[in-house]
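Working notes, beginning with the structure itself.
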Amino acid sequence: MNLALAAFVLLLAAVPLLGTPDYFLHLGVTSMLMAVSGTGWAMMGRFGLVSLGHGAFIGTAAYVMAMLWNEVGVTPWLGLPIGVAAAMLLAFLLGYPCFRLRVVGHYFALVTLAAGEIVRLLIVALREHTGGSLGMTPRLAPDAPFLAMQFSKTGFWWMALLVWVFALLVWWWLDRSMASRALAAINEDQDAAASIGIHVTREKLRVTIISAGIAALGGALGAQYRLYLNPESLAGIGISLQIVFGAIAGGMYSMLGPSVGAVFTIGLEELLRVGFGTVFIGAAPFAYGILLVLFILFLPRGIVGFLLRKR
Amino acid sequence: MDPFLLEALVNGILLGGVFALPVLGCNLVFGVVDVVWLCYAELVMVGMYAVWFLHTQQAWPLYLAFAAALPLVGLLGVLLHLIVVKPLLGAPPINQLLATGGVLFVLQGGAMLVFGTDFRSLGVELPPMEWHDVFVSGTKLAAFCAALAGAAALWAFLKFTYIGIAIRAIARDREVMPLMGVDPRRVYVVASAVGGALAGLAACLLVVQLDVHPFIGLSFGPITFMICVMGGLGNMLGGFLAAFLMGLIVSTGSFWWNTEMSYVIAFAFFIAVIFGRPRGLFAR
C-alpha cells in the first residue's frame, strides 16, 4: 500500500515533464490543494468535531500572506508560514474556550460557522487594505518570480504535490499516534474518556490546531497560485461547506478519502462547466448538492470507505 | 436624543421582527425533529422567488401571491423532511446537518438555473412615516406588524390546537410522548410543514424589502442560526427575544460603524454568549 502510494507520488511528480497540457496541470494543482484542505478538515471531522468554519483559517492565512507581500514586501516563502501560524493561532483562540466550556455538536458547528463569517466580513470591512468584496491580487514581480512565489504551473504542480504528501504524512502520523485513539474515545463518550485520564480539552485542541494549519496551508497556497484573493471564495460559509463536501464525498475516515473527494468534486465541476457551458450557470451547485445529499443518505463513509468495505 | 440614533434603534427593533420569523421556524423544527435545517434561509429564498414570479410575471395580485407562498414553502418543508431528514433520523446529527447543507446548494443552484443570477425586485414601496424627525420605512413597519402577527398565530397554534400541544409535548420529552399515543412521525411532518410555512411568511416580508437573488440566503442564513443558538436551540421565546437583541446590535452597530462591522460585532457577541452560556442566553 505504502509502496504503491510512493510510486504513485513519483508518477505524479513526473507528470509536468511529459508535456501535459496546461489545462490538466491546472486541474491537478487545484485538486491537490483542495485535497490538502479536505485532508486537514477530515483530521478533526472524523472524530465528530465538525467545523463549518474552516474558511476562517484559509481566509486568515491567505490574506496575511498576501498583505505581508503587498504592504510590507515580505516574501510569501515567509508569509505563507506566518499566515498558517496565524490561522493556527485563530484555531487556538476559538478552540480553547469551545472545548474548555464543552461546546459540542450543533453548537460547535455553528460557532465555527460564525467564526468563518466573522473573518469574511472583516475582510470585506477592511477594504482599504484587503480590497473588500472586489478581492485583491498579490503584487506581480516579473523580475523576481521565485522570491515572489510566482512561478509557472509546473512549479506549482511540484509545490502542491509536496504539500499534499506532507498533509498525508501528517494524517498518517496522527493516525498512528495515541492522540487518534484518545480522540476516538472522546468521540464515543467524552466523560468516560476523561475518567480514564484522557485530557479532553488538550487532545481536541491539538487536533483542531493541526487541522486548521493543514487546511490553511492548502487554501493559502491556492490563493497564491491563482494570484487572486476574494473573501467569498476564501472565507465564509461557501468555501467551508465545499471543503466538507469534498471530504464527505471521498470519505473522511480514510487517509486518501478527502483527496479522492477533491478530485471527484473538481472533476464534476469541470464536467458540468464543459458540458453545460455558461448557459446553465447553476448546474454545478445543483448537481453538487444532490450528490452531497445522496452521499450522506447512501454512502456516509464516502467513495473510499465504500470501496474498502466491499473488499 | 439624537434622532439618527433613535432611528437606528427603531430600525433595530423592526429588523428584529424580520429575524424573528425564520428563527421561530428553525427553532420549531429543531425543537421537535431535533435537526437543524441548514438550508432554512434558502427555503425563504424560494418563497421570495415564488412571490416575485407570481406577482410580476403572472400578474397575480400581491395578497394572492403571498397566500400562495405560505403553503408552497410549507410543502417544500414537508418534502425536505420526507426525502432528506426522515431517512437520517437515526444517523449522527452531523450527517443531518450536512445533508440539509447539500439541499442548500440544490436550492441555490436551482434558483440560478431557473431565474439566473439577476437581482429581482418586486417594486412595491409604502411611503415612509415621520414622527419627530424620525423616519421609518412604511414597508418595514408593515413587515414588522405582519411578523408579530405571524408569531402570535404560531403561539396560538401551539397553545390551543391538539396538534400544537402534541408538538410542544414532543419537544419536551421525545421518549414519553409515543407512549401517550402521539405518533411522533406525524408530528414531525406537521412541524416541518409549519416550519416551512413560517419560512414562506418570512419570504413575503423580506421580498418587499430586499431584491431577491440566488445567494440572498447566505446574507441572513448564518445570523438566523446564530440567533437560534443564542436563544437556546428549540427555545421559542428565547429565540424571539434574541432576534430583537441581534436586530438592535446590527442596526446600532451600523449607526456607529458600518454594516459589515455591525455583523462582525453581532457574530462576535454570539460567540461570546456561547462561551458564557453554552445552552443559550435564556436557558433555564
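Residue numbers (the working numbering), protein chains in the order written: chain A, 1 to 311; chain B, 312 to 595. Glycine included, C-beta positions come from ideal geometry on N, C-alpha and C. Every value quoted in this text rests on a predicted model; they were computed, and no experiment measured them.
Q. Can you name the residues of chain A whose CB is closer than 9 Å to the CB of Thr563/B?
A. Mapped onto the second sequence, residue 563/B falls at position 252. Per Cβ cutoff of 9 Å: no residues; Thr563/B is ~16 Å from chain A at best.
Q: Identify the contact partners of Gly48/A in chain D, using a Cβ-Cβ distance below 8 Å as the criterion.
A: As a matter of chain content, chain D is missing from the structure shown, whose protein chains are A and B.
**Q.** chain B residues whose Cβ lies nearer than 7 Å to that of Val111/A
**A.** Position 111 of the first sequence, counted from the start, is the residue given in the question as residue 111/A. Ordered by position in chain B, the residues that pass the 7 Å Cβ test against Val111/A are Ile582 and Ile585.
Q. So, Asn338/B versus Gly545/B, is the Cβ gap smaller than 8 Å?
A. If you number the second sequence from 1, residue 338/B lands on position 27. If you number the second sequence from 1, residue 545/B lands on position 234. Closer than 8 Å, so yes.
(Q) What does the Cβ neighbour count give for Ser530/B, buried or exposed, with the cut at 16 atoms within 10 Å? (A) As a position in the second sequence, residue 530/B is number 219, starting the count at 1. Ser530/B is exposed by the Cβ-count criterion.
Q: Give every residue of the same chain whose Cβ lies closer than 7 Å to the Cβ of Arg479/B, excluding the five residues on either side of it in the sequence, and list them in chain order.
A: Walking along the second sequence from the start, residue 479/B turns up at place 168. So the list reads Leu469, once near-sequence residues are dropped.
Q: Kindly list the residues whose CB is nearer than 7 Å to the CB of Gln407/B, restricted to its own chain and excluding five residues on each side of it in sequence; keep chain order.
A: Residue numbering aside, residue 407/B sits at position 96 when the second sequence is read from its first letter. Taken in chain order, the residues that qualify are Val346, Val396 and Leu399.
Q: Answer yes or no: does any C-beta atom of chain A fall closer than 8 Å to that of Met537/B?
A: Walking along the second sequence from the start, residue 537/B turns up at place 226. Closer than 8 Å to some Cβ of chain A, the Cβ of Met537/B qualifies, so yes.
Q.
Looking at the strands, I want to know which residues DSSP matches up with Phe446/B.
A. For the purposes of this step, residue 446/B is taken as residue 135 along the second sequence, with counting starting at 1. DSSP output for Phe446/B lists Glu441/B as bridge partner(s).
Q. Residues in the stretch 540-554 of chain B with C-beta within 7 Å of chain A's C-beta atoms, listed in sequence order?
A. Val540 and Leu544
Q. Any Cβ of chain A within less than 8 Å of the Cβ of Asn338/B?
A. As a first step, residue 338/B must be located in the second sequence, where it is residue number 27. Asn338/B does not count as touching chain A.
Q. Between Pro533/B and chain A, is there a C-beta pair that is closer than 8 Å?
A. Mapped onto the second sequence, residue 533/B falls at position 222. Closer than 8 Å to some Cβ of chain A, the Cβ of Pro533/B qualifies, so yes.
Q: Closer than 7 Å, Cβ to Cβ, to anything on chain A: give me those residues from the stretch 496-517 of chain B, in chain order.
A: none
Q) If we cut at 8 Å on Cβ distances, does Ala410/B have a partner in chain A? A) What you label residue 410/B is simply residue 99 of the second sequence in a count that begins at 1. With 8 Å as the cut-off, Ala410/B counts as an interface residue toward chain A.
Q) Are the C-beta of Glu117/A and some C-beta of chain B separated by less than 8 Å? A) For this step, residue 117/A is matched to residue 117 along the first sequence. Yes - at least one Cβ of chain B is within 8 Å of the one on Glu117/A.
Q) DSSP state of Val74/A, grouped into three classes? A) Sequence index remark: in the first sequence, residue 74/A carries index 74 (1-based). Note: Val74/A maps to coil in three-state DSSP.
(Q) Within the continuous alpha helix (DSSP H) that includes Ala66/A, where are the two ends? (A) Locating residue 66/A in the first sequence gives position 66, where the first residue counts as 1. Looking at the DSSP string, the run of the alpha helix (DSSP H) that includes Ala66/A is His54 to Met67.
**Q.** Sheet register partners of Val523/B (DSSP bridge)
**A.** Residue 523/B sits at position 212 when you count from the first residue of the second sequence. For Val523/B, which the question treats as bridged, DSSP gives the partners Arg431/B.
Q) Is the beta carbon of Val357/B less than 8 Å from the beta carbon of Ile290/A? A) Within the second sequence, numbered from 1, the residue matching residue 357/B stands at position 46. Within the first sequence, numbered from 1, the residue matching residue 290/A stands at position 290. The answer is no: Cβ separation not under 8 Å.
Q: Can you tell me which of Ala35/A, Ala223/A, Ser51/A and Leu122/A puts its alpha carbon nearest to the alpha carbon of Gln150/A?
A: In the first sequence, residue 150/A corresponds to position 150, counting from 1. Answer by Cα proximity: Ala223/A.
Q.
Quick check on Leu409/B: does DSSP put it in helix, strand or coil?
A. The count along the second sequence starts at 1 and reaches residue 409/B at position 98. Helix, per DSSP.
Q) Is the stretch 301-311 of chain A in contact with the stretch 258-278 of chain A, if contact means three or more CB pairs nearer than 8 Å? A) yes
Q.
Taking only three categories from DSSP, how would you classify Met136/A?
A. Along the first sequence, read from residue 1 onward, the residue named residue 136/A stands at position 136. In the structure shown, Met136/A sits in a strand (DSSP, three-state: E or B).
(Q) Spatial neighbours of Tyr228/A within its chain, please: C-beta separation below 8 Å, excluding the five flanking residues on both sides. (A) Numbered from its first residue, the first sequence carries residue 228/A at position 228. If we look at Tyr228/A and ignore the five residues flanking it on each side, its Cβ neighbours are Gly135, Met136 and Thr137.
Q | Within chain A, the residues that Ala453/B reaches when beta carbons sit closer than 8 Å | A | Locating residue 453/B in the second sequence gives position 142, where the first residue counts as 1. Result: empty, since nearest Cβ-Cβ is about 29 Å, beyond 8 Å.
Q: Closer than 8 Å by beta-carbon distance: list the chain A residues that pair up with Val420/B, in chain order.
A: Counted from its first residue, the second sequence places residue 420/B at position 109. Looking at the sequence provided, one finds Gly at residue 420/B rather than Val. Neighbours of Gly420/B on chain A, chain order: Gly282, Ala283, Ala284, Pro285, Phe286, Ala287, Tyr288 and Gly289.
Q: Would you please verify whether the beta carbon of Val274/A is less than 8 Å from any beta carbon of chain B?
A: Position 274 of the first sequence, counted from the start, is the residue given in the question as residue 274/A. So no, Val274/A is outside the interface.
Q | Test item: CB-CB of Thr535/B and Ala319/B under 8 Å | A | Numbered from 1 along the second sequence, position 224 holds the residue referred to as residue 535/B. Numbered from 1 along the second sequence, position 8 holds the residue referred to as residue 319/B. No, these two residues do not count as a Cβ contact at 8 Å.
**Q.** Pairwise C-alpha distance: Ile538/B and Met557/B
**A.** Numbered from 1 along the second sequence, position 246 holds the residue referred to as residue 557/B. Numbered from 1 along the second sequence, position 227 holds the residue referred to as residue 538/B. One C-alpha to the other measures close to 7 Å.
Q | Reduced DSSP category for Leu113/A - H, G, I as helix; E, B as strand; rest coil | A | By 1-based counting over the first sequence, the position of residue 113/A is 113. Note: Leu113/A maps to helix in three-state DSSP.
Q) Which residues in chain B sit within 9 Å of Arg102/A, going by Cβ to Cβ distance? A) Taking the first residue of the first sequence as 1, we reach residue 102/A at position 102. Neighbours of Arg102/A on chain B, chain order: Pro589.
Q | the stretch 121-155 of chain A: positions lying closer than 7 Å to chain B by Cβ | A | Leu121, Leu122, Val124 and Ala125
Q) With a cut-off of 8 Å, does the C-beta of Tyr360/B fall near any C-beta of chain A? A) Residue 360/B sits at position 49 when you count from the first residue of the second sequence. No, Tyr360/B does not count as interfacial toward chain A.
Q: Could you tell me whether the stretch 84-99 of chain A touches the stretch 238-250 of chain A, where touching means 3 or more Cβ pairs closer than 8 Å?
A: no
Q) Between Ala64/A and Gly79/A, which are expected to be in contact by the criterion C-beta below 8 Å, what is the C-beta distance as a whole number of angstroms? A) Within the first sequence, the letter at position 64 stands for residue 64/A. Within the first sequence, the letter at position 79 stands for residue 79/A. Sequence inspection shows Val at residue 64/A; the Ala mentioned does not correspond to that position. That belief holds up - the Cβ atoms of Val64/A and Gly79/A are roughly 7 Å apart, short of 8 Å.
**Q.** Cα-Cα separation, Ala553/B to Thr60/A
**A.** The sequence position of residue 553/B within the second sequence is 242, counting from 1. The sequence position of residue 60/A within the first sequence is 60, counting from 1. If you take the alpha carbons of Ala553/B and Thr60/A, they lie about 29 Å apart.
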